[in-house]
Amino acid sequence: MRTTKSRFAALGAVALLGVTGCASVEGSEPVGANGLPQQLVWSTYNVGTGTYNDLAAIANTLTNEEGVQVRLMTADTGIGRLAPLVNGTVDYARAGDEYYYAFEGDYEYASEEWGPQDIRMVWAPLGNYGLLVREDSGIDSFADLEGKRFPELTANTSINNKMEGFLNYGGLTGDDVQKVPISYGEQIAGLEAGQIDALYHNVAGSNIDELASKIDVKWLSFDDPDPARYETWEELMPMVTVGEITNGAGMEKGESARVLEYTIPITTTASRDADEVYHLVKAIVENYEHYEGTTPDTKQFSFDAVLKEPLVVPFHEGTVRYFEERGVWTEELERKNQELIERGERMREGWPGVVESSSAETLAQNWADWKKTELEDEGTDDEN
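Residues -25 to -1, 1 to 359 (mature numbering (1 follows the signal peptide of the UniProt record, and there is no 0)) make up the sequence shown, in order.
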């Protein structure tokens, strides 16, 4: 069996082909008084996505204003974005819910090669994401998805869970739709070609705006407050809330829709130098004026707008230091953060024993059972 180290190394070697520009991934000594290395490498979603565009704007700003060369490595899968972080190929990752699944050791991370990882949030901008359909599709509600061609995203558990939650909101399950295997980045072309009838996406971004300029589209809206419609969401997507948008791709003036709101945070490992993390978030805040209007979502990176409550993964100590300095870190937030840190420690301590007593086929279920038994009294006081 391939070892964990060699498995991660192989994944990182493949993913590194997506780095924009040519650069060594080895860190450098801090330069000047800004406390940052001369070079950083971040992993994220593919070129053209809103997530990528946000980071590109910040990377350019850090290069121009701080002299830090930031290279972006792209991947279309959760594993492709997280493995380079864990194996040290990249310094930071802006990934989807895989940061949470990796912290918990759930889904594809409930394997001998992975298990629970010591992940930390660095900066957590909030964004809006939803389900887009053609205006003429006849799909006006989530219930109307019945029998439709519905994307099943390749190696993307986080979005597939949300898609299942969407169906549940409409009184449906995955058995009620025609699932079409497709990657996240292929969805736009798939909707244009009639391969799928709906797609999941950030509500803003150059590629989704381009789609809306060619065909009439609309965002399905969560307008019913009935708790029964949301009863599976706590399990499927505990990090989300519902927020209202008025500026999504294809929306006319005066239109609004209620879609998902959650963070796709910049993350790193707990072992990342706290001084470096502190200076990175400080640079993101102090240079905000240079990138705030670059994309529809860069305003969410401002100090006032970012998430400051540790919901499912703890903040890095460097970020906490910055929050303390700015006077926004309370005793309650510290308590929640420490609870999550302790939860992670207990999971990583318990993991080897579960692996030893499990086969490859039973590991995921045994791990879920262990967490239910050993951690059921811990609670993280999530408020979604």
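Yeah, the Cβ is synthetic: ideal placement off N, Cα and C, and Gly gets one too.
Per DSSP, reduced to three states, the secondary structure at Ser188 is helical. Each of Asp199, Leu235, Met226 and Thr36 was checked against the Cα of Leu211, and the nearest Cα belongs to Leu235.
If you compare the alpha carbons of Glu41, Ile33 and Glu87 with that of Ser334, the shortest gap goes to Glu87. Residue burial annotation: Glu351 is exposed, with fewer than 16 other C-beta atoms found within 10 angstroms of its C-beta. In the DSSP assignment, Glu167 falls within the alpha helix (DSSP H) that extends over Gln162 to Ala168. If the five residues before and after Glu292 are omitted, its C-beta is found closer than 7 Å to the C-beta atoms of Ala249, all from its own chain and listed in chain order. A direct Cα-Cα distance of roughly 25 Å separates Leu11 from Thr238.
For the pair Asn182 and Thr24, the CB atoms are nearer than the 8 Å cut-off. Taking the Cα of Tyr253 as reference, the smallest distance to any Cα among Ser196, Arg95 and Asn222 is reached at Arg95. Cβ-Cβ distances below 7 Å link Asn21 to Tyr27, Thr49, Asp51 and Gly160 in the same chain, with the five nearest sequence neighbours on each side left out; the list follows chain order. Of all alpha-carbon atoms in Asn262, Gln13, Ala187 and Trp208, the one lying nearest the alpha-carbon of Ile134 is that of Trp208. A Cβ-Cβ contact shorter than 8 Å links Ala224 with Ala179. Sequence-distant partners of Val303 (beyond 5 residues in either direction) whose C-beta falls short of 8 Å from its own C-beta, in its chain, are Lys283.
Restricting attention to alpha helix (DSSP H) runs no shorter than 4 residues, the segment 288 to 352 encloses them at 292 to 300, 306 to 331 and 338 to 349, ordered along the chain. Within a 10 Å sphere around the beta-carbon of Gln275 sit 16 or more other beta-carbons, which makes this residue buried. Under the DSSP assignment, Ser18 falls outside any alpha helix (DSSP H), being part of the beta strand (DSSP E) whose first and last residues are Gln14 to Thr19. Contact check between the segment 214 to 231 and the segment 188 to 195: three or more CB pairs, one atom from each, fall below 8 Å, which counts as touching.
Distance from the CA of Thr38 to the CA of Ala32, rounded to the nearest whole angstrom, comes to 10 Å. Judged by pairs of C-beta atoms under 8 Å, the segment 319 to 330 touches the segment 73 to 80, as three or more such pairs exist. Nearest in C-alpha terms to Pro156, of all of Phe125, Tyr144, Thr148 and Gly149, is Phe125. Put simply, of Val330, Gly105 and Thr337 the residue whose alpha carbon is nearest the alpha carbon of Val217 is Gly105. Unbroken alpha helix (DSSP H) runs of no fewer than 4 residues, entirely contained in the segment 76 to 146, are found at 132 to 144, following chain order. Taking the C-beta atoms as reference points, Tyr175 is found nearer than 8 Å to Lys137. Counting every other CB atom within 10 Å of its CB across the protein chains shown gives Lys347 a total below 16, marking it as exposed. Collapsing the DSSP output to three states places Tyr266 in coil.
Looking at the backbone, the Cα of Gly71 and that of Leu57 are separated by about 9 Å.
A residue is called buried once 16 or more other Cβ atoms fall within 10 Å of its Cβ, and Gly102 is buried on that count. When Lys154, Val215 and Glu40 are compared, the shortest CA-CA separation from Ala258 is found for Glu40. Counting C-beta atoms within 10 angstroms of its own C-beta, Pro285 has 16 or more neighbours from the protein chains shown and is therefore classed as buried.
Note on Ser196: 16 or more other CB atoms within 10 angstroms of its CB, so buried under the neighbour-count rule.
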